[in-house]
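K.L.:
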Amino acid sequence: MSSLPGELEGISRFFYSSIGSIVTKIRALQMGLFAIGVGIFFPAIADTINAQSLRHRLDRISLPSSNNDDFALATLKRFYAMHDYQPVWVQEDKLAPIHDIVIAFIANAEQEGLDNQDYALEELLHLREQIHTKPLWLELELQTTQALLLLTRDLRRGRLTAAEVDPDWHIKQPDFDAAAYLQQAIASGDLKASLESLPPTTKIYQLMKQALAHYRKQITQGNHWASIPETPLIRPNMSHPAIPLIRKRIAHDFVQYGYPEYDLPFSNDQKYDAHLVDAIKAFQERNGLNADGIIGKNTRDALNRTPEQKIQQLRVNMERLRWLPRELGDRYLLVNIAGFQLAAIEQGQHVLTMRIIVGRDYRSTPSFDSRISHLVLNPYWNIPHSIATKDLLPKQQANPTYFASQSIKIYSNHDYQTDALDPDSIDWQTLGKRFPYVLRQDPGAKNALGTIKFMFPNPFSIYLHDTPSKQLFRKDIRTFSSGCIRLEKPLQLAGFVLNEPAAVTDLVAKIETGKTTTVHLPKRLPIYLIYLTTWIDDQNNVYFSSDIYGRDKRVLKHARW
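Under full-length UniProt numbering, the residues of the sequence shown are numbered 1 to 561, in order.
1. Under a CB-based cut-off of 8 Å, is Leu431 close to chain D?
2. Comparing C-alpha positions only, which one of Leu155, His132, Ala162 and Leu352 sits nearest to Asp118?
3. Let's test the definition: count the other Cβ atoms within 10 Å of the Cβ of Glu141 and tell me whether it reaches 16, buried, or not, exposed.
4. Name the one or two DSSP bridge partners that Phe368 has.
5. Going by DSSP, what residues sit across from Leu421 in a beta bridge?
6. Taking the alpha-carbon positions, what's the Thr418 to Val438 distance?
7. Using 8 Å for Cβ pairs, my map puts Ala242 next to Thr231. What's the rounded Cβ distance?
8. For His350, which residues does DSSP report across the bridge?
9. Please go through the same chain and pick out, in chain order, the residues whose beta-carbon is closer than 7 Å to the beta-carbon of Asp538, but skip the five residues on each side of it.
10. By Cβ distance, which residues of its chain are closer than 6 Å to Arg60, with the 5 residues on each side in sequence left out?
11. Under 8 Å by Cβ, that's how I've got Ile234 and Ile295 pegged, so tell me the actual separation to the nearest angstrom.
12. Taking the straight line between their C-alpha atoms, what separation do you get for Ala251 and Ala185?
13. With DSSP collapsed to three states, give me the class of Leu8.
14. Please classify Asn338 as buried or exposed, where buried requires at least 16 neighbouring CB atoms within 10 angstroms.
15. So the candidates are Ile98, Val497, Gln173 and Asn382; which of them puts its Cα closest to the Cα of Leu342?
16. Please report the distance separating the alpha-carbon of Ala502 from that of Asn290.
17. For Ala211 and Leu314, which I take to be in contact (beta-carbon distance under 8 Å), what is that distance rounded to the nearest angstrom?
18. Would you give the residue range spanned by the beta strand (DSSP E) that Thr451 belongs to?
19. Taking the alpha-carbon positions, what's the Ala404 to Pro436 distance?
20. Between which two residues does the alpha helix (DSSP H) carrying Tyr181 extend?
21. Just how far apart, CA to CA, sit Pro459 and Thr451?
22. Can you check whether the CB of Leu149 is closer than 8 Å to the CB of Ala180?
23. What does a CB cutoff of less than 7 Å around Asn541 pick up in its chain, not counting 5 residues either side in sequence?
24. Can you say whether Pro400 is buried or exposed, counting buried as having 16 or more other CB atoms within 10 angstroms of its CB?
25. Taking Ala104 as the reference, which of Asp476, Tyr80, Ala147 and Arg78 has the closest Cα?
26. Between which two residues does the alpha helix (DSSP H) carrying Ile485 extend?
27. Go ahead and label Gly359 buried or exposed: buried means 16 or more other beta carbons lie within 10 angstroms of its beta carbon, across all protein chains shown.
28. Sorted by chain position, which residues of the same chain lie with C-beta nearer than 6 Å to Lys77's C-beta, five sequence neighbours on each side aside?
29. Give me the Cα-Cα distance between Trp137 and Tyr80, rounded to the nearest whole angstrom.
30. Determine which residues share a DSSP beta bridge with Ile357 and list them.
31. Assess contact between the stretch 328 to 336 and the stretch 519 to 534, defined as three or more Cβ pairs (one per stretch) separated by less than 8 Å. Is contact present?
32. Using the three-state DSSP reduction, which class does Gln441 fall into: helix, strand or coil?
33. Relative to the C-alpha of Ile462, which candidate in Ala509, Lys446 and Arg486 has its C-alpha closest?
34. Can you give me the start and stop residues for the alpha helix (DSSP H) that Trp169 sits inside?
35. So what's His558 in DSSP terms, helix, strand or just coil?
36. Please state if the CB of Leu121 and the CB of Thr152 are separated by a distance shorter than 8 Å.
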């Protein structure tokens, strides 16, 4: 996708140089009323524009009917109060030159995964054509400001209210004063630069933006493909009628991206040969799947993902990235729940990545942020009550020696100061949800947390930890935990977290003692657990994954894209 930045630059040049050709057919004005898409109407009554007429018009705007209208009306009035009710876009009976910048900026909203018609693009273009009609000057002035206020807000903090769209999102959206920002942007003398600084500047957002342009170009070029039908598992050297179609699909990606592994000789052979196996393994790797070369449901779903579907995924995830704080830190961890990946990021670069295991569907891992404060070596596992009653008690009831075999101790309360209870003294068959005991697993080879856990304050009792079940990292869909994050490379992560790779040797020595040890960080490290079905790797490849918890659907429902 090396050509993508050039594509975006070309699109931007087109919009800034060809304002008049963006829309060729504009719907007619109706009854002299103009709506900007949020329920606020400006009655066309004045035949001049000045501070007095602007203030009079603002006082007569229709009352809001929704929360978004409330924001729009209040922000519009506050902006003009800051500006002494002086017009900005229509001055001396003509358009101010900076209005071209605004129109181009709104047109470019498509590049950010937004819909420019949500910002009254057609209405504004029509009003520009009618600039010689004095009664419409106020409409153009007010609609331009209102559309720009909405777009600046949406680019800086997201179009949607995250907590309303996704109850599992617990990261505070950025605070943003759209009226004050626009006032300062106009006063700066460089409105274009101020507006272009609004979207996130993180590498992941910029690469998603490039990918969005790329897949939209595919659609305009008519690049579509037939869906690969449902098949049984196809293993290397097997034959199946779907193989020619799969080979064609991979070859299509070679044309698009130039990945050398996808360069396959043309063939209608139904045998799953070594060349195609290597290509499928590379495809699986680039789509966050286990690169085993076996074509199953997850690989087939990834092969069938259309440009239209990828565009929707990109738009959803770009919106999520706008929900994040603008400054994430120089060093931080990004835990991608949906992609089953953790990235350690320093100065914008991925310095360490690894596979992770996240919560089961009914114990899904939420999105939140915190700061890692300390590590615990050879940790005890203080077993949550829900896991004790739902998962472990039935195993003990079926096998009275289960707790002993797993080094699980029974206590009467959470202080763990009294002696553990004798499991043989308890009638396990009579217990259920009213389980009166506390369970704790001792450190050791069978401990569910492995040899190290990473602690950070949060209301969900979630942390990162090692695991003895390494084989699960070979699975495509890794939803096996009770909400916490299991790590593929815990010791390497410890080196990054402590900001001292050499410290790993000392950690290993302490682990080998078998003693439980707490290691405090010299400086707390930011961590962001977010749900992204599109993400990038350390080679800047864009990945797409499944919507494991259905959270993309929530965003799409509210966005109405």
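Cβ atoms here follow ideal geometry from the backbone N, Cα and C, with glycine treated the same way.
P.N.:
According to the structure data:
1. Within the model displayed, chain D is absent; a lone protein chain is all it includes.
2. Here residue 118 is taken as the residue at index 118 of the sequence shown, counted from 1. Asp118 has its Cα closest to that of Leu155, out of Leu155, His132, Ala162 and Leu352.
3. Translated into the one-based positions of the sequence shown, residue 141 becomes position 141. Result: buried.
4. To locate residue 368, count along the sequence shown from 1; it is residue 368. For Phe368, DSSP records a beta bridge to Leu529.
5. Residue mapping note: residue 421 aligns to position 421 of the sequence shown, counting from 1. Answer by DSSP bridge pairing, in chain order: Ile410.
6. The count along the sequence shown starts at 1 and reaches residue 418 at position 418. The count along the sequence shown starts at 1 and reaches residue 438 at position 438. Distance between the alpha carbons of Thr418 and Val438 is about 12 Å.
7. Position 242 of the sequence shown, counted from the first residue, corresponds to residue 242. Position 231 of the sequence shown, counted from the first residue, corresponds to residue 231. With 8 Å as the limit, Ala242 and Thr231 qualify as a contact, their Cβ atoms being about 5 Å apart.
8. The residue you call residue 350 lines up with position 350 of the sequence shown. Note: His350 sits in a beta bridge opposite Ile345.
9. Locating residue 538 in the sequence shown gives position 538, counting from the first residue. If we look at Asp538 and ignore the five residues flanking it on each side, its Cβ neighbours are His350 and Thr353.
10. Locating residue 60 in the sequence shown gives position 60, counting from the first residue. Closer than 6 Å at Cβ, skipping near neighbours: no residue.
11. Looking up residue 234 in the sequence shown gives position 234. Looking up residue 295 in the sequence shown gives position 295. About 4 Å; that satisfies the 8 Å criterion.
12. Sequence index remark: in the sequence shown, residue 251 carries index 251 (1-based). Sequence index remark: in the sequence shown, residue 185 carries index 185 (1-based). Distance between the alpha carbons of Ala251 and Ala185 is about 48 Å.
13. Counting from one through the sequence shown, the residue named residue 8 turns up at place 8. Because Leu8 sits at a pLDDT of 38, beneath the cut-off of 50, its placement in the model cannot be relied upon, and the following sentence gives the value as read from the coordinates. Correct three-state label for Leu8: helix.
14. Position 338 of the sequence shown, counted from the start, is the residue given in the question as residue 338. Before going further, note that residue 338 is Ala rather than Asn in the sequence given. With at least 16 other beta carbons inside 10 angstroms of its own, Ala338 counts as buried.
15. As a working note, residue 342 is residue 342 in the sequence shown. The residue with the shortest Cα to Cα distance from Leu342 is Val497.
16. Counting from one through the sequence shown, the residue named residue 502 turns up at place 502. Counting from one through the sequence shown, the residue named residue 290 turns up at place 290. Rounded to whole angstroms, Ala502 to Asn290 spans 31 Å at the Cα level.
17. Within the sequence shown, the letter at position 211 stands for residue 211. Within the sequence shown, the letter at position 314 stands for residue 314. At roughly 6 Å, the Cβ-Cβ gap stays under 8 Å, so Ala211 and Leu314 are in contact.
18. For the purposes of this step, residue 451 is taken as the residue at position 451 of the sequence shown. Unbroken run through Thr451: none, as it is neither H nor E.
19. Locating residue 404 in the sequence shown gives position 404, where the first residue counts as 1. Locating residue 436 in the sequence shown gives position 436, where the first residue counts as 1. The straight-line gap from Cα to Cα measures roughly 18 Å.
20. Within the sequence shown, residue 181 is the residue found at index 181, counting from 1. Ala178 to Ala187 is the extent of the alpha helix (DSSP H) around Tyr181.
21. If you number the sequence shown from 1, residue 459 lands on position 459. If you number the sequence shown from 1, residue 451 lands on position 451. Roughly 24 Å separates the two Cα atoms.
22. In the sequence shown, residue 180 corresponds to position 180, counting from 1. In the sequence shown, residue 149 corresponds to position 149, counting from 1. Taking 8 Å as the Cβ cut-off, Ala180 and Leu149 do not qualify as a contacting pair.
23. As a first step, residue 541 must be located in the sequence shown, where it is residue number 541. Once the five neighbours on either side are set aside, the close Cβ partners of Asn541 are Arg286.
24. Residue numbering aside, residue 400 sits at position 400 when the sequence shown is read from its first letter. Exposed.
25. Numbered from its first residue, the sequence shown carries residue 104 at position 104. It is Ala147 whose Cα lies nearest to the Cα of Ala104.
26. Counting from 1 along the sequence shown, the entry for residue 485 is found at position 485. Where Ile485 is concerned, there is no enclosing alpha helix (DSSP H), although the beta strand (DSSP E) it sits in stretches over Ile485 to Leu487.
27. In the sequence shown, the residue the question calls residue 359 occupies position 359. The residue is buried, with at least 16 neighbouring Cβ atoms inside 10 Å.
28. Walking along the sequence shown from the start, residue 77 turns up at place 77. Within the same chain, Lys77 has close Cβ partners Leu58.
29. Start at 1 with the first residue of the sequence shown, and residue 137 comes out as number 137. Start at 1 with the first residue of the sequence shown, and residue 80 comes out as number 80. Approximately 16 Å, taken between the alpha carbons.
30. For this step, residue 357 is matched to residue 357 along the sequence shown. Per DSSP, Arg486.
31. The stretch 328 to 336 vs the stretch 519 to 534: in contact.
32. Your numbering for residue 441 matches position 441 in the sequence shown. The answer is strand: DSSP assigns Gln441 an E or B state.
33. The sequence position of residue 462 within the sequence shown is 462, counting from 1. Comparing Cα-Cα distances from Ile462 to each of Ala509, Lys446 and Arg486, the minimum goes to Arg486.
34. Within the sequence shown, numbered from 1, the residue matching residue 169 stands at position 169. Element bounds for Trp169: n/a, residue is neither H nor E.
35. Within the sequence shown, residue 558 is the residue found at index 558, counting from 1. Collapsing the DSSP output to three states places His558 in a helix.
36. The sequence position of residue 152 within the sequence shown is 152, counting from 1. The sequence position of residue 121 within the sequence shown is 121, counting from 1. Contact flag unset, no.
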